[in-house]
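K.L.:
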Amino acid sequence: MNQTLADKNILLIISGGIAAYKSLDLIRRLKERGAGVRCVLTQGGAQFVTPLSVAALSEEAVFQDLFSLKDESEMGHIRLSREADLLVVAPASADLMAKMAAGLANDLASTVLLATDKPVLLAPAMNTVMWDHPATRRNFRTLLDDGLHAVGPGQGDLACGEVGAGRMSEPLEIVAAVENIIGGQSAGPATGPSTGQSGAAPLKGRRAIVTSGPTYEAIDPVRYLANRSSGKQGHAIAAALAGLGAEVVLVAGPNNQPDPGGVSVRDIESATQMLAACEAALPADIAVCAAAVSDWRVAGEAEQKMKKDGSGQPPAFNLVENPDILATLSQMNGGRPSLVVGFAAETEKVVDHAQSKRTRKGCDWIVANDVGAGTGVMGGDENTVHLITADNVEAWPKMPKDAVATALAKRIADHFTNHFGSE
Ligand code: CTP
1 MNQTLADKNI LLIISGGIAA YKSLDLIRRL KERGAGVRCV LTQGGAQFVT PLSVAALSEE
61 AVFQDLFSLK DESEMGHIRL SREADLLVVA PASADLMAKM AAGLANDLAS TVLLATDKPV
121 LLAPAMNTVM WDHPATRRNF RTLLDDGLHA VGPGQGDLAC GEVGAGRMSE PLEIVAAVEN
181 IIGGQSAGPA TGPSTGQSGA APLKGRRAIV TSGPTYEAID PVRYLANRSS GKQGHAIAAA
241 LAGLGAEVVL VAGPNNQPDP GGVSVRDIES ATQMLAACEA ALPADIAVCA AAVSDWRVAG
301 EAEQKMKKDG SGQPPAFNLV ENPDILATLS QMNGGRPSLV VGFAAETEKV VDHAQSKRTR
361 KGCDWIVAND VGAGTGVMGG DENTVHLITA DNVEAWPKMP KDAVATALAK RIADHFTNHF
421 GSE
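Position one of the sequence shown corresponds to residue 1 (the numbering used here), numbered consecutively onward.
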């Protein structure tokens, strides 16, 4: 077994839920990889698994009480979080997430979570109606916006006998998310249950259009409006889809990336040209709009280089809005790609803005990324994204753009396998 978590200390918080039985296996899986695991068991959690089994598997004392004289003398709640590299809450119950979102600290688990400055990974688990409740969705969104990581929940048979979203991710999926957060490894996020995707070319026979890079909007023959997009993410997605067997047309604005192998590249400059190239590449099963399209262009590009006129006054630009390529592809009547994925570059309220962007533009999924100052996403090699679908929000750990591309391509392949079967 690869010691991917050697010398790492995980504080596992087990809250109340039937899925707590999976946390016993999670302890084993983390320890197999070299991690030290200490556990906090909430009152609710102790209804589902016993302190004795948790202690036996973790080979550590189990912490249960905020006001335990014994625990506080040997290991205070501040030390519990200070000595951990990462806190994992699995299962994360609706109740505990509500406390966390409100900043409550009225038991050991919530106090440790409020007192920590370490990364926290949530593995939510609950009944599907509770998961769908606006209060839970609001709390979960708040926690994601606060910078917590999440894995799952997945869809499927729930232990309470119902079917739907709310199923805790499997222990190995949680371990992969832990490895990603701790090691910044490129294994891709573990998000929801595995679908048993098989075969090296699950997208064989599918056509995909990917937009990438910035657009340049001419002001005159030598000047243009542009943005800092590098094209790294879009190019990596085109490569990843081609790697899974899709026939890919990459419509790319000006960039310095090498053309991905096995992909047809259409180089364009402006948003208008990007739209025309996308329309020419139809029909397609998949469209992924990763380009940072300029929202505006200058009305009436000057035919000759603009000159200073000696008045000391700068020229006034009239801007007109560019066509929205993502919205156009999403809202086509007839011939719409069956899966349209957009990106949302946001600097605040990332999940909220991205969710309304998904609805407004009419695409199926949105990959939301925080491009705020200091994140280094624009032009950088790493990305921290949320995948937003009609009924779910997944926080993926920070990872290289290549790994985001691999994970997204896999999700797309899973989507087609689930909806149309493997071909
Ligand atoms: N997009 C597009 N055509 C445009 C503008 C944006 O296809 N003219 C696509 C991008 O490729 C991305 C998504 O729309 O997939 C969102 O882009 P973003 O810049 O985040 O959003 P905006 O449309 O600019 O919306 P806002 O101004 O509200 O941020």
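Using N, Cα and C, we set each Cβ at its ideal position, and we do this for glycine too.
Measure the C-alpha to C-alpha separation of residue 127 and residue 24 and round it to an integer number of angstroms.
P.N.:
The residue given as residue 127 occupies position 127 in the sequence shown. The residue given as residue 24 occupies position 24 in the sequence shown. Each residue's alpha carbon lies about 20 Å from the other.
K.L.:
So is residue 192 buried or exposed if we call it buried at 16+ other beta carbons inside 10 Å?
P.N.:
Here residue 192 is taken as the residue at index 192 of the sequence shown, counted from 1. Confidence at residue 192 is low in this model, with a pLDDT of 33, below 50, so the placement of that residue is unreliable and no value is reported for it.
K.L.:
Run the CB neighbour count on residue 77, radius 10 Å, all protein chains shown included, and call it buried at 16 or more, exposed below.
P.N.:
Residue 77 sits at position 77 when you count from the first residue of the sequence shown. Buried is the call here.
K.L.:
Is residue 139 a contact residue of the ligand CTP, with contact defined as CB to any heavy atom under 6 Å?
P.N.:
Along the sequence shown, read from residue 1 onward, the residue named residue 139 stands at position 139. Answer for residue 139: no, Cβ out of range of the ligand CTP.
K.L.:
Would you mind listing the beta strand (DSSP E) stretches within the segment 120-185 that are 3+ residues and don't spill past its ends, in chain order?
P.N.:
As far as the segment 120-185 is concerned, its whole beta strand (DSSP E) runs of at least 3 residues are 120-124, 154-157, 163-167.
K.L.:
Do residue 369 and the ligand CTP come close, with the Cβ less than 6 Å from some heavy atom?
P.N.:
On the sequence shown, residue 369 is found 369 positions in, with the first residue counted as 1. Outside the cutoff, so no.
K.L.:
Using 8 Å as the Cβ pair cut-off and three pairs as the minimum, do the segment 357-367 and the segment 295-313 touch?
P.N.:
no
K.L.:
Should residue 172 be labelled buried (16 or more other beta-carbon atoms within 10 Å of its own) or exposed?
P.N.:
Counted from its first residue, the sequence shown places residue 172 at position 172. Under this definition residue 172 is an exposed residue.
K.L.:
On the CB-based measure, 16 or more other CB atoms within 10 Å of its CB, does residue 129 come out buried or exposed?
P.N.:
One-based indexing of the sequence shown puts residue 129 at position 129. So residue 129 ends up on the exposed side.
K.L.:
Give the DSSP bridge partners of residue 383, in chain order.
P.N.:
Taking the first residue of the sequence shown as position 1, residue 383 is located at position 383. Beta-bridge partners assigned by DSSP to residue 383: 399.
K.L.:
Can you name the residues that DSSP bridges to residue 247?
P.N.:
Translated into positions along the sequence shown, residue 247 becomes position 247. DSSP lists 207 as partners of residue 247.
K.L.:
What are the partner residues of residue 280, as DSSP defines its beta bridges?
P.N.:
For the purposes of this step, residue 280 is taken as residue 280 along the sequence shown, with counting starting at 1. According to DSSP, residue 280 bridges with nothing at all.
K.L.:
Using three-state DSSP, classify residue 272 as helix, strand or coil.
P.N.:
Stepping through the sequence shown from its first residue, residue 272 is reached at position 272. Of the three classes helix, strand and coil, the one that applies to residue 272 here is helix, per DSSP.
K.L.:
May I ask which residues mark the beginning and end of the beta strand (DSSP E) holding residue 336?
P.N.:
Residue 336 sits at position 336 when you count from the first residue of the sequence shown. Residue 336 -> no beta strand (DSSP E), and no H or E assigned at all.
K.L.:
Rounded to the nearest angstrom, what separates residue 352 and residue 367 at their Cα positions?
P.N.:
Within the sequence shown, the letter at position 352 stands for residue 352. Within the sequence shown, the letter at position 367 stands for residue 367. So the two alpha carbons sit approximately 12 Å from each other.
K.L.:
Go through its chain and collect everything with a Cβ distance to residue 217's Cβ below 8 Å, but skip five positions before and after it.
P.N.:
Residue 217 sits at position 217 when you count from the first residue of the sequence shown. Closer than 8 Å at Cβ, skipping near neighbours: 224, 225, 226, 270, 271, 294, 296, 297, 298, 322.
K.L.:
Under 6 Å Cβ to Cβ from residue 111, same chain only, skipping five residues before and after it: list those, please.
P.N.:
Residue mapping note: residue 111 aligns to position 111 of the sequence shown, counting from 1. For residue 111, where only same-chain residues beyond five positions count, the Cβ hits under 6 Å are 66, 77, 105.
K.L.:
Which same chain residues end up closer than 8 Å to residue 15 when comparing Cβ atoms and leaving out the 5 residues on each side of it in sequence?
P.N.:
The residue labelled residue 15 in the question sits at position 15 within the sequence shown. Closer than 8 Å at Cβ, skipping near neighbours: 42, 44, 45, 89, 91, 92, 93, 95, 96, 109.
K.L.:
Cutting at 7 Å between CB atoms, please list the residues of its own chain near residue 196, excluding the five before and the five after it.
P.N.:
Stepping through the sequence shown from its first residue, residue 196 is reached at position 196. Only weak support exists for where residue 196 lies, its pLDDT of 30 falling under 50; the value from the coordinates is given anyway. Cβ contact annotation for residue 196 (same chain, cutoff 7 Å, sequence separation greater than five): none.
K.L.:
Counting along the chain, where does the beta strand (DSSP E) carrying residue 298 start and finish?
P.N.:
Translated into positions along the sequence shown, residue 298 becomes position 298. Its beta strand (DSSP E) spans residues 296-298.
K.L.:
Run the CB neighbour count on residue 249, radius 10 Å, all protein chains shown included, and call it buried at 16 or more, exposed below.
P.N.:
The sequence position of residue 249 within the sequence shown is 249, counting from 1. So residue 249 ends up on the buried side.
K.L.:
Determine, using beta carbons only, whether residue 150 and residue 407 come nearer to each other than 7 Å.
P.N.:
Mapped onto the sequence shown, residue 150 falls at position 150. Mapped onto the sequence shown, residue 407 falls at position 407. Not in contact: residue 150 and residue 407 (Cβ atoms no closer than 7 Å).
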